[in-house]
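Position in the sequence shown counted from 1, then plus 382, gives you our numbering. All C-beta atoms in this analysis are idealised placements derived from N, C-alpha and C, irrespective of residue type, glycine included. These numbers were taken from a predicted model, which means no experiment stands behind them. What follows is a single structure, written as structure tokens, with notes after it.
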Amino acid sequence: MRSLLIIRMEKNIYDPDQIASGMIYPELLLGNNGYQVLVADGDDSSTAVLKMLSEADAAILDLPIEDIPDWEKLLCQARPIPMLWWCSPDTASESVEACETEIAIDGILTPTMRDRELHWALHFAARQCIERQQWISERKQLQSRLEERKWIDMAKGILADMKQISEAEAYDILRKKAMNERKRMVDVATAIVKAHQLLQS
Numbered sequence: 383m384r385s386l387l388i389i390r391m392e393k394n395i396y397d398p399d400q401i402a403s404g405m406i407y408p409e410l411l412l413g414n415n416g417y418q419v420l421v422a423d424g425d426d427s428s429t430a431v432l433k434m435l436s437e438a439d440a441a442i443l444d445l446p447i448e449d450i451p452d453w454e455k456l457l458c459q460a461r462p463i464p465m466l467w468w469c470s471p472d473t474a475s476e477s478v479e480a481c482e483t484e485i486a487i488d489g490i491l492t493p494t495m496r497d498r499e500l501h502w503a504l505h506f507a508a509r510q511c512i513e514r515q516q517w518i519s520e521r522k523q524l525q526s527r528l529e530e531r532k533w534i535d536m537a538k539g540i541l542a543d544m545k546q547i548s549e550a551e552a553y554d555i556l557r558k559k560a561m562n563e564r565k566r567m568v569d570v571a572t573a574i575v576k577a578h579q580l581l582q583s
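Here it is, written out as structure tokens:
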């Protein structure tokens, strides 16, 4: 992971007094530790941000917590990428309740981190992102299976009621019909349920 995209709401103009007083900007810290840094700020359109995103290995969100969900949604729609929150005095000024928001953050970076800490935080964020994507994929598959099961159970109930047979026998009828028509069972079940609903109305 070498190329990082920093996203913030407003254009950052380096204040020499703030730097002298110890204020650390993420692009300076990361750039000084060998990372290639791109910066998207409030002046950039979402199209420009997405173009920069295509060149980045991870996104660093230099934002207050309440602004993260909108960016998270945009980034997740574009492509799976590790997202880390830049936790600084400016971005962490919200109340504890803001931390309860469900956001897909894979890691946290702070201004006090040293080179090895930055490396490991980014490494673990990349692993966390992969695990998050696998979880999302498994969740979608499970939801799809549950939806299919719902249609099959409704069709079984309709067949069992109409033919005065057990649900096990209705399931066999569905299975055989699907095999004969070379269709998925859920497609046959959906057709039966929709036809029944049409006849009922």
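Please work out which residues of its chain come closer than 7 angstroms, Cβ to Cβ, to E409, disregarding the five sequence neighbours upstream and downstream, and give them in chain order.
The residue you call residue 409 lines up with position 27 of the sequence shown. For E409, where only same-chain residues beyond five positions count, the Cβ hits under 7 angstroms are I388, V419 and V421.
With 16 as the cutoff for other CB atoms within 10 Å, does A537 come out buried or exposed?
Counting from 1 along the sequence shown, the entry for residue 537 is found at position 155. Result: buried.
How about N571 and L556: do their beta carbons lie closer than 8 angstroms?
Within the sequence shown, residue 571 is the residue found at index 189, counting from 1. Within the sequence shown, residue 556 is the residue found at index 174, counting from 1. Rather than Asn, the amino acid found at residue 571 in this sequence is Ala. Judged by beta-carbon spacing, L556 lies within the 8 angstroms limit of A571, meaning their Cβ atoms are closer than that value.
Please report how far the alpha carbon of C458 lies from the alpha carbon of C511, in whole angstroms.
On the sequence shown, position 76 is the one that residue 458 refers to. On the sequence shown, position 129 is the one that residue 511 refers to. Rounded to the nearest angstrom, the two C-alpha atoms are 11 angstroms apart.
Continuous alpha helix (DSSP H) stretch holding M544: start and end
By one-based count along the sequence shown, residue 544 stands at place 162. Note, M544: alpha helix (DSSP H), D497 to K545.
My parser needs the alpha helix (DSSP H) runs of 4 or more residues fully inside the region 412-494; what are they?
428-435 and 450-460, all fully within the region 412-494.
One or two residues paired with L386 in a DSSP bridge:
What you label residue 386 is simply residue 4 of the sequence shown in a count that begins at 1. V419 and A440, per the DSSP bridge assignment.
At what residues does the alpha helix (DSSP H) containing Y407 begin and finish?
The residue given as residue 407 occupies position 25 in the sequence shown. Counting along the chain, Y407 falls outside any alpha helix (DSSP H), and DSSP gives it neither H nor E.
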